[in-house]
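To start, the structure itself, in structure tokens.
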Amino acid sequence: MNEKHLMQLCLIITLISMLILALTYKPEFEEKTLGELIQKNGSKGKVFGRVEYVVKNYPVTIFTLYDGNSATIYYPKATALEKNNFVTTYLENQGQKNLFAQKVVKE
Amino acid sequence: MIFFCLLGVIAGIIAGLVPGLHSNNITIILATTPFFGMEITSFILSMCITQSFVEFIPSTILGIPSENTFESILPAHKMVLEGKGLEAINYTVLGGIIAVIIGTLLTHPFFLFLEQNQTQLTKITPLVLSIALIIFIKEGKTFKQKIGIIFVIIAAGCQGILFQNQLFPLITGYFGMAGLILSINETKKIPLQEKGEIVINFETIKYGLLGTIGGTITAIMPGIGSNTAGGIINTLKKIPSPKNYLTLLGSINASNFFFSFATLLALSKARNGAMLTIQEKIFYGEKTLLFGTIIMLLSAAIGGIATILLAKKFVKIINTKTEQKLNKMCIIFIIILVLAMNGTLGIITLIFSTALGIYTIKKGYKRSTLMSSLIIPTILFYLFILI
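Going line by line, the protein sequences match chains H and C. Everything in the first sequence is counted per our numbering, starting at 1 for the first residue and increasing by one. Everything in the second sequence is counted per our numbering, starting at 108 for the first residue and increasing by one.
In structure tokens, the structure reads:
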């Protein structure tokens, strides 16, 4: 086997991997609104909104987010969020209208 | 995501070709950026996997090691002097490809195994590392040689503790500079490098598999790097052929990083700088492991192609030189690099590590003994901090 055959093997693996990715990949967090997320248990989405009220910041963060609808968000990390901050949140509906944030990014 | 993967491959090629530059340096910068999710994760994964292939080029052609490739210097250099430098690199690529193919099939069972055996794995790490040191000592045939090896272990361990933030000059001194200085008077002309013909047989695949197993162990146990694992395997089971040893090292190097991703997801433990960054950037979902695995498989394949093509360009550097001229060029290049990246302390580290490296070679001890510089600080960390 020479380097040409080794490159051909690598090329085959490249094409198969690209095909699998193209067929199976779906972005984890699509742009959504709070209204859409609350309606369906287990749904995930990326939501942009305004912090309406901060219940606590440490050791976890609980706050209400507003984007036309309001929802209480639980984020398992300390933050420096304040009222009226604009944030992008990566949310998951864990049932019973509990929204769990995997990431909260202050704009 | 494929776009970020390709960007990562390009970054990995640059990091692999430039001695002293590591993908960990680049990921530290990325950690401060506001990017999240699978896109940035795929960039980091593809960069690191690609580097694990490409970094064998400078260590083979120029004799300048990275922290992941120093064990390859001797067998690779031997093959360069036989005009088989391209073949040496192709064997490391083959090892890496075998590792990622097997890794893709075994990632999910490995992930499940880790989830169920977390605590036991942390406790046996210092024991495994201590056994490695005992194996190094046992390599001495006479009592005098054993004492000499113990001296090297203690000296290297002390250097590892003293110069713990100077990893590049430490490793380069042991495994690059020492050999370059000792062969500075070599007047042999480096033969023209032939085409890289490789032979795939049961032996090659066996060492590829062995390397994959070694890589899964290093992915679980911090402190045992891919080269330490290679050195231990070579000590336990003498690998007669440089080709098989290079296949083993290529396989360990790729699978070490490959399985560190599953380790991160299963144990929430980062095994390297790249995983530390990914830990902050990733979303833990059902398909995270699957997509990460496919990205690494894709990047490994592209990295393999890039390595083979770039190696052909790189051998042109050495094809017209004598070994003496090349060694002198490399020595000057290393000194400039260490000074630029690590400053005066780096040069001091280089002097001490080169001195110990020369002593080790002159006494005929295995250079893998010098890995005690990494092993002893890790054992101490586990004994005094974790337990």
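C-beta: ideal position from N, C-alpha, C; glycine also.
Residue pairing from DSSP leaves ARG474(C) without any beta-bridge partner. Taking THR79(H) as reference, the option from GLN94(H), PHE63(H) and ALA71(H) with the minimal CA-CA separation is PHE63(H). Bridge pairing for ILE62(H): LYS56(H) and TYR74(H) [DSSP].
Taking the CA atoms as reference points, LEU124(C) sits about 25 Å from TYR314(C). The C-alpha of LEU356(C) lies about 9 Å from the C-alpha of ALA336(C). For ALA101(H), the enclosing beta strand (DSSP E) covers residues 99-106. Taking the CA atoms as reference points, ALA71(H) sits about 27 Å from GLN386(C). Nearest to HIS5(H) by alpha-carbon distance, out of ILE305(C), PHE243(C), LYS230(C) and GLY321(C), is ILE305(C). Residue environment for ALA22(H): exposed (fewer than 16 other C-beta atoms within 10 angstroms of its C-beta). Per DSSP, the beta bridge partners of GLU31(H) are LYS46(H). Scanning chain H for C-beta atoms nearer than 8 Å to the C-beta of ILE238(C) yields nothing, as the closest lies near 36 Å away. Beta-bridge pairing by DSSP links LEU277(C) to no other residue. Chain-ordered, the chain H residues with CB closer than 8 Å to the CB of LYS302(C) read ASN2 and GLU3. Take the alpha-carbon of VAL445(C) and the one of GLN39(H): they are about 59 Å apart.
For the 8 Å CB-CB criterion, ILE415(C) and CYS112(C) do not form a contact. For VAL306(C), the secondary structure class from DSSP, reduced to helix, strand or coil, is coil. Put simply, of ALA206(C), ILE455(C), ILE483(C) and SER367(C) the residue whose alpha carbon is nearest the alpha carbon of ILE241(C) is ILE483(C). With contacts defined by Cβ atoms closer than 8 Å, ILE278(C) and THR476(C) do not form a contacting pair.
Interface annotation, PHE143(C): in contact with chain H, CB-CB separation under 8 Å.
For VAL207(C), the enclosing alpha helix (DSSP H) starts and ends at 192-223.
Comparing alpha carbon positions, the residue from SER358(C), ILE441(C) and ALA262(C) closest to LEU481(C) is ALA262(C). Beta bridge pairing from DSSP links PHE86(H) with ARG50(H).
When GLY144(C), THR157(C), MET145(C) and PHE142(C) are compared, the shortest CA-CA separation from GLY119(C) is found for THR157(C). Under the three-state reduction of DSSP, GLU387(C) is assigned to helix. Taking a contact to require three or more Cβ pairs closer than 8 Å, the stretch 239-253 of chain C and the stretch 436-455 of chain C do not qualify as touching. The beta carbon of ALA408(C) falls within 8 Å of a beta carbon belonging to chain H, placing the residue at that interface. For VAL116(C), the enclosing alpha helix (DSSP H) stretches over residues 109-124.
Among the residues of chain H, those whose CB is under 8 Å from the CB of PHE390(C) are GLU28, PHE29, TYR90, GLN102 and LYS103, following chain order. The C-beta of ASN197(C) comes closer than 8 Å to at least one C-beta of chain H. Residue nearest to VAL55(H) within the set GLU31(H), TYR74(H) and GLY45(H) is TYR74(H) (criterion: CA-CA distance).
ILE359(C) and GLY321(C) do touch by the CB rule: their CB atoms are close to 5 Å apart, below 8 Å.
Here the alpha carbon of LYS44(H) sits roughly 25 Å from the alpha carbon of MET18(H). Using a 10 angstroms sphere on the CB of GLU31(H), the tally of other CB atoms stays under 16, which defines it as exposed.
Proximity of PHE398(C) to chain H, defined by a Cβ-Cβ separation below 8 Å, is satisfied. Under the three-state reduction of DSSP, LEU81(H) is assigned to coil, being neither helix nor strand.
Closer than 8 Å to the CB of THR61(H) there is not a single CB belonging to chain C.
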